[in-house]
Each structure stands twice: as structure tokens, then as C-alpha cells.
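Under full-length UniProt numbering, think of the first position of the sequence shown as 1, with each following residue one higher.
By construction, the Cβ of each residue, glycine as well, lies at the ideal position given by its N, Cα and C atoms.
Computed from a predicted model, the values in this text were never measured in an experiment.
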Amino acid sequence: MPTLPSDDTVPAAPDACDDAPYDLAVVGAGPAGLAAAVAAGRLGLRVALLDSAARTGGQFYRHPAPGLGARRPEALHHAWQAYADRAARLEALVAAGRVDHLAEHHVWAVTGAAGEWSVHAALGPDGADQRRTVRAAKLLLATGAYERQLPFPGWTLPGVVGAGGAQAMLKAGLVLPGQRVVVAGSGPLLLAVAGSLAAAGAEIPAVLEASGYVGYTRRPATLAANPGKLAEGAVHAAALLRHRIPVRTRSAVTEVHGKDRVEAVTVMRLDRDWRPVPGTERRIPCNALAVGHGLVPQLEPATGIGCATRLTPDGTHALVVDDRQRTTVTGVWSAGESGGVGGAELALLEGELAALDIAGRDGRGRTSRARRRDRLRGFADAMAVAHAPRPGWTAWLDDDTDVCRCEEVTAGQVREAVAELGARDARTVKLLTRAGMGWCQGRMCGAAVACLAGGAGDTASRRPLACPVTLEQLAED
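Laid out in C-alpha cells, this is it:
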């Protein structure tokens with residue numbers, strides 16, 4: 001029966017050289033990676049946990065910088081105790097030599113094959129200090145996700161931030177993006193962001209949801225199987241009521257106004273395909289806009305080693321995994337958002353399930369976790385369908401709107417590539433216009449370019465490098 005050992009029975013690590021292969025390398029120390037590393041370490045495996053941040057927790061459990069002296073960081077988070085318990089267990093495993101937490105390790109590539117994986121990382125806060133290669137028999141990818149952005153006129157003005165970015169500013173820096181903040185986009189994250197910003201002292205004149213919440217009611221069995229999610233939604237709704245924040249569905253910001261920074265936004269009603277309804281314009285004064293349209297699984301370096309992907313209900317791509325969290329590449333597992341966006345609770349479960357399979361454990365404990373995982377995954381799919389971007393959003397754009405911020409490629413240039421130069425997919429548009437060739441490698445513009453090229457969303461690319469790396473570091477490897 002795959003129950004995990006109690007906290008006071010952490011197995012001692014075997015004698016090993018620093019350069020000896022680990023049993024398991026876990027890439028990413030967010031909820032999924034943290035849970036997997038803790039479970040695998042307690043089941044007797046020698047684990048390397050690599051993450052680009054200085055502390056565990058990922059984007060969801062961000063910490064205020066130590067110099068800020070935050071006395072109650074848990075007040076900024078939902079379900080903090082689930083993280084705190086695992087973080088304490090990780091410390092015990094690190095002390096016992098079972099897990100090496102390799103912080104500020106920016107993984108830029110994985111090479112090798114089953115039984116002989118090499119994880120290549122650049123070290124330091126910005127990945128420019130040194131390099132390191134970690135070797136392991138097995139690999140678990142818990143690389144998380146990043147925010148999906150759909151452009152509109154004025155979105156490059158200072159004061160426009162991602163919805164998740166606004167929350168990160170609050171959690172990590174204890175600062176607000178502005179004092180009067182409009183929250184817009186699509187997805188349940190908007191409600192959490194609005195509540196957090198309001199609790200921290202911001203005025204939220206409106207939350208603008210481009211879709212709505214009716215889609216959830218089309219899956220009553222899924223809702224009934226996830227009462228915890230309903231309770232979580234009720235908590236967010238109560239927070240909005242307490243702060244008197246109006247929520248407007250089928251509405252979007254279609255333009256931002258200002259000279260040196262945000263001064264106001266134009267809001268319009270949308271039809272079912274997200275096309276703006278003429279005559280519904282409304283101007284809202286504000287000094288910041290927090291906007292996001294869901295999350296996109298971060299698939300590097302998984303696609304670089306051949307892991308297959310699937311199209312998700314909201315038009316992104318995620319890794320194909322089986323019921324044991326195995327990818328299509330032997331010796332590689334995935335947990336959390338890389339297998340499909342579903343939230344921290346689901347990520348924690350998937351991390352533990354992956355660790356159980358990697359350690360060769362089975363039984364009722366695994367079965368109960370798998371059932372909970374399946375219920376939460378069903379809710380995640382319902383959420384994706386309800387908030388999936390509709391194709392009419394491209395009507396927000398005029399030809400002068402920057403789509404690719406890094407390379408300053410406009411919507412007009414992308415449309416020209418499609419209409420006059422024969423581009424039929426995002427890759428061809430990229431070759432003709434340089435859209436997606438900049439510093440972010442298409443993370444900001446990929447979904448928009450794909451839609452303008454006639455696709456449903458961003459395509460899963462097989463980039464050889466998962467993050468920027470110097471030529472010197474590349475040559476040494």
C-alpha cells in the first residue's frame with residue numbers, strides 16, 4: 001500500500017559522490033514538483049529538485065522578498081498550509097541528504113534517454129553565473145505555465161500588467177500595480193486577483209469577464225463531484241461583494257488610453273464569438289489594468305526530447321500523460337500545469353502520483369489519489385471550455401496594434417503575411433515577419449499570431465533551448 005512514511009521516519013541517504021547520478025531529477029519546484037520531490041524522497045529515492053527561483057513554491061506560492069519583513073505571508077495565499085507542510089518535509093529531507101534543492105538553476109535543455117538523463121542548467125538569479133549538468137536515471141517535468149495575453153490597442157502602455165503578474169507583484173513585492181485597477185480577461189484567476197488587490201487597498205472599478213460562468217452549469221455532474229471548487233468560488237464571490245466590486249460578463253477592454261501610462265480603458269460588450277458589439281463603448285478611468293486570458297502550459301524542455309502533446313479544450317497544448325503521469329517518452333513523467341492547467345490542488349496530487357509510480361508503489365493509497373485527480377481534471381476541462389477564447393477577439397485589433405512586442409510586429413503586418421504572402425500558420429508568419437523571434441520566444445504573442453494566421457491557438461513548438469543561455473555556456477556543454 002503506497003502510503004508515505006511519517007515525518008519522523010525519513011530514510012538516510014546512501015553514500016554518494018556529488019557527481020553521481022540521482023535516482024530522480026525534478027524540474028520545477030512549484031506545487032507539483034515540490035510534492036513529487038517530497039514524496040519520492042520519503043519513499044527512498046535520491047532526488048535533485050531544480051528550480052529557477054531562490055525558494056520553492058513556484059508562481060502560485062510566491063514569497064515576499066526576505067528584506068520586506070512580511071510577518072504573515074500566508075495572508076496573501078489560498079491553501080497556504082498545503083504548501084507549508086510540504087516545505088517543512090522538504091527541509092527535513094534536505095537535511096537527511098535525500099533531496100538536493102538546487103535553487104536558481106535555470107534548466108535550458110535536457111538530453112539523453114531513459115536511465116541516463118542529463119539536465120543542463122544555468123546558475124544564478126538571471127542564469128548568467130555558471131553552468132551545471134545534473135544526471136539522473138528518471139525525470140519528472142513540473143515546469144508550470146505562463147499567462148496567455150491577447151493584444152489590443154494600447155496594451156504596451158506602462159500600467160498594463162498580466163493578471164497573474166499583478167498577483168505576483170503583490171505576493172512577492174507587497175506592491176500594487178496601481179491604486180485604481182481594472183481587472184479584465186477570462187478565467188477564474190480574475191476573481192482571485194481582484195479580491196487580493198482589493199484586500200491590499202486597491203480600488204477595483206470592475207472585473208470584466210469576456211466569457212461568463214454559464215458554461216459550468218452544462219456539466220452538473222462535474223460540479224457535484226467537486227464541492228471544494230464550488231466553495232472556493234463562493235469565497236471569491238463573497239470577497240467581491242464585501243469590496244463592492246461589480247463583475248461584468250461578456251465584456252472586454254478593447255483599448256487603453258494614456259500618454260505616459262494608463263489613464264483609462266474602453267470597455268465593450270461582446271457577442272458569443274467575442275466580437276465587440278457596436279454602440280456599447282464605455283470609458284472607465286483607472287491607472288492600471290490587470291489582464292489575462294488563462295494560462296498556457298510551459299512545455300520546454302519536454303517537447304525538446306520528443307514528448308507528445310495534445311490540444312486542450314481552450315486551444316493550448318499540453319503534454320500527453322497516462323493515468324500514472326507518464327509521458328510518451330520512456331523514463332519521463334509530468335505533473336501539474338505542463339499536463340494541462342488545473343490549479344495547485346490538482347498539481348499536488350499529480351506530483352504525488354508520479355512519485356508513487358517512479359518509486360514502484362501501488363495500492364489503495366494510489367487509487368484514492370487517482371480518483372481525486374480525475375475529479376479535479378474533469379473540473380479543469382470544464383473550466384477550460386467555459387473560458388476558452390473565441391475567434392472574434394481579433395476584431396479588437398487595428399492594423400497599427402503591436403502583436404509581437406519584442407520585435408514590434410503589428411497586426412497589419414501579420415494580416416499582410418496571411419492575405420498577400422500566403423502564410424497559413426504561425427510558423428510561416430514567424431519566418432515572414434519575425435513575430436515570436438524576440439526575447440520571450442513567442443510566449444506573449446504566440447496565441448495571437450496563431451489566431452491571426454487562422455489557427456485555434458498557439459502551437460506546441462520544439463525549441464532546443466528552454467531559456468536564454470550564453471554562447472559560452474552552450475559551448476561548454
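The distance from the Cβ of LEU348 to that of ALA82 is about 6 Å, consistent with a contact at the 8 Å cut-off. As the crow flies, the alpha-carbon of GLY339 is around 19 Å from that of ARG366. Only exposed fits ASP362, as fewer than 16 other CB atoms lie within 10 angstroms of its CB.
The residues PRO64 and LEU174, in chain order, have a CB closer than 7 Å to that of ALA70 in the same chain once the five nearest residues on each side in sequence are set aside.
The alpha-carbon separation between THR410 and ALA231 amounts to approximately 43 Å.
For LEU157 and PRO188, the gap between their C-alpha atoms comes out near 25 Å.
Between TYR22 and VAL94, the CB-CB gap reaches or exceeds 8 Å. 8 Å or more divides the Cβ of ALA114 from the Cβ of THR328. Of the residues assessed, TRP439 falls on the exposed side of the cut-off, its CB having fewer than 16 other CB atoms within 10 angstroms. Note on THR470: under 16 other CB atoms within 10 angstroms of its CB, so exposed under the neighbour-count rule. Note that the segment 212-225 does not touch the segment 306-324; fewer than 3 beta-carbon pairs, one per stretch, sit closer than 8 Å. Judged by beta-carbon spacing, VAL183 lies within the 8 Å limit of LEU190, meaning their Cβ atoms are closer than that value. Relative to the Cα of LEU452, the nearest Cα in the group GLN441, GLN413, ALA359 and ALA40 belongs to GLN413. Within the same chain, and ignoring the five residues on either side of ARG86 in sequence, the residues whose Cβ sits closer than 7 Å to its Cβ are LEU34, ALA35 and VAL38. DSSP places SER338 within a helical segment (H, G or I) once states are collapsed to three. Taking one beta carbon from each stretch, the segment 247-262 and the segment 201-216 have 3 or more pairs nearer than 8 Å; the two touch. By the Cβ test, the segment 96-103 is in contact with the segment 45-55, since at least three Cβ pairs between them sit closer than 8 Å. Counting only the Cα atoms, VAL235 lies some 47 Å from LEU431. Ranking GLN325, ARG269 and LEU289 by CA distance to the CA of GLY392 puts ARG269 first. Residue ranges of uninterrupted alpha helix (DSSP H) with 4 or more members, entirely inside the segment 137-185 and ordered along the chain, are 163-173. In this structure, HIS120 is the residue among HIS120, LEU68, GLY228 and PRO151 with its C-alpha nearest to the C-alpha of LEU474. In the DSSP assignment, HIS317 forms a beta bridge with LEU311. Beta-bridge pairing by DSSP links GLU281 to no other residue. Closest by C-alpha distance to ALA386, out of PRO278, SER334, ARG283 and TRP274, is TRP274. By DSSP's assignment, SER118 forms a beta bridge with THR111 and ARG135. Excluding residues up to 5 positions away in sequence, THR249 and ALA386 lie with their Cβ nearer than 8 Å to the Cβ of TYR213 in the same chain. For CYS404, the enclosing beta strand (DSSP E) stretches over residues 402-404. Its Cα nearest to that of MET383, the residue PRO313 stands out among PRO313, PRO31, GLU74 and PRO285. In the three-state reduction of the DSSP assignment, THR303 falls in the helix class, which pools H, G and I.
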